[in-house]
Amino acid sequence: MTDPVTTPEPARHQNIDTSVPHSARIWNYWLGGKDNYPVDEAAGDAYTAVFPGIVTIARSSRAFLRRNITYLVAEAGIRQFLDIGTGLPTAQNTHEVAQGIAPEARIVYVDNDPMVLAHARALLYSTKEGATAYIDANVTDPERILAAAAETLDFSRPTALILSNILGHVADYDQARDIVTRLMGALPSGSYLSINDGSRGIDPVFEEAQDAYNNSGAVPYNLRSVDEITRFFDGLELIEPGVVSVTQWRPEPGSPAPEVIAEHGGLARKP
């Protein structure tokens with residue numbers, strides 16, 4: 029492995045607010061990670077007390093992303109990834125999965141959480157043949173993201189856009205759709221869009237827990253209906269089986285029949 033291609037700015041590390049729970053750190057806690065604070069553990073425990081199934085959702089979401097990336101590299105031949113809303117480094121990050129199959133793969137991560145920035149070095153290790161980079165930016169600023177990502181990715185070549193559990197942080201649905209449209213508009217034919225988000229209308233206990241979390245003062249996350257998630261893919265060619273519970277998207281051969289959980293996603297190709 030090579031040294032990171034980019035070094036995070038140490039000064040930004042001081043911006044971490046440990047007094048307010050943050051979704052990226054809580055998600056890390058649910059995934060079994062250690063990059064979180066007592067306030068995040070308390071919020072995570074309060075959530076699981078109402079809805080223990082959130083741990084299954086968190087881990088199923090990560091498994092869905094891994095299967096997406098494996099398909100994109102091994103079957104679709106994609107070698108470039110723009111992963112927005114990266115979250116804290118855990119096992120089997122995008123670059124690890126992609127470069128494990130195709131060492132020449134190039135990955136750009138995007139997040140605006142100071143703690144993710146502080147740990148970005150773990151996201152920047154790359155094979156000698158490939159490259160990784162990290163951009164400190166907000167999903168609501170797609171033009172800035174695209175301009176910075178172009179320093180590492182060649183947008184004349186097919187690229188996979190990864191939006192995993194990030195669009196729920198954009199409260200206005202029309203704005204969220206516009207962000208997807210603007211990002212995909214910059215990518216050429218043959219590019220792919222991968223989205224997964226928490227879904228409303230599946231599990232009322234999950235919705236109760238999420239509403240309570242959103243009212244707690246933490247950074248809110250908005251659940252959306254399966255139809256709303258599906259419409260993010262308008263104009264694109266959905267890969268079978270379409271937008272489904274993440275557990276049902278091309279499960280590993282021989283695995284038990286997957287249960288439907290309140291996290292839906294899909295993968296689509298730009299014609």
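Mapping the sequence shown onto my numbering, position 67 (from 1) lands on 95, and the numbers just tick up by one. Backbone N, C-alpha and C fix where the C-beta goes; we use that ideal spot for every residue, glycine too. Nothing here was measured: the structure is a model prediction, and the numbers come from that model.
| query | result |
| --- | --- |
| Nearest CA to the CA of P80: which residue from G293, I289, L266? | I289 |
| Considering only the alpha carbon of each residue, which of G294, I163, L251, P279 lies closest to I112? | I163 |
| Could you round the C-beta distance between L174 and L211 to whole angstroms and report it? I think they count as a contact, below 8 Å. | 7 Å |
| Using the Cα positions of V67 and T46, report the straight-line distance between them to the nearest angstrom. | 7 Å |
| In the stretch 92-163, which residue ranges form an unbroken beta strand (DSSP E) of at least 3 residues, counting only runs that do not cross its ends? | 108-112, 134-139 |
| With distance defined between alpha-carbon atoms, name the residue in S154, I135, R90 nearest to A176. | I135 |
| For S283, name the three-state secondary structure that DSSP assigns. | coil |
| Pick out whichever of T118, I207, H50, L191 has its Cα sitting closest to the Cα of L110. | L191 |
| From which residue to which residue does the beta strand (DSSP E) around I257 run? | Not the beta strand (DSSP E): I257 falls in the alpha helix (DSSP H), residues 254-259. |
| Could you spell out where the alpha helix (DSSP H) holding D68 opens and where it closes? | 66-78 |
| Which one of T84, Q238, S219, L116 has the shortest CA to CA distance from V78? | Q238 |
| Please list the terminal residues of the continuous alpha helix (DSSP H) segment that includes D206. | 201-213 |
| How would you label E268, buried or exposed, when you count the other beta carbons within 10 angstroms and need 16 or more for buried? | exposed |
| Starting from L221, follow its DSSP beta bridges and name the residues at the other end. | L189, A296 |
| On the premise that L152 lies in contact with N56, defined as a C-beta separation below 8 Å, what is that separation, rounded to the nearest angstrom? | With a Cβ gap of about 18 Å, N56 and L152 do not count as contacting. |
| Identify whether D45 lies in helix, strand or coil by the three-state DSSP scheme. | coil |
| Since I believe G270 is in contact with G294 (beta carbons under 8 Å), could you give me their beta-carbon distance rounded to a whole number of angstroms? | 6 Å |
| What are the start and end residues of the alpha helix (DSSP H) that includes E235? | 232-242 |
| Is it the case that the Cβ atoms of N193 and D231 are separated by a distance below 8 Å? | no |
| Helix or strand or just coil, what does DSSP make of S227? | strand |
| Which same chain residues, not among the five before or five after E236, have their C-beta less than 8 Å away from its C-beta? | V78, F79 |
| Select from N166, L215, G61 the residue whose C-alpha is nearest the C-alpha of P142. | N166 |
| For A291, name the three-state secondary structure that DSSP assigns. | The sequence shown places Glu at residue 291, rather than the Ala named in the question. Note: E291 maps to strand in three-state DSSP. |
| Report the rounded CA-to-CA distance for K298 versus E291, giving the unit in angstroms. | 23 Å |
| Whole-angstrom Cβ separation of Q127 and T155, contact assumed at under 8 Å? | 5 Å |
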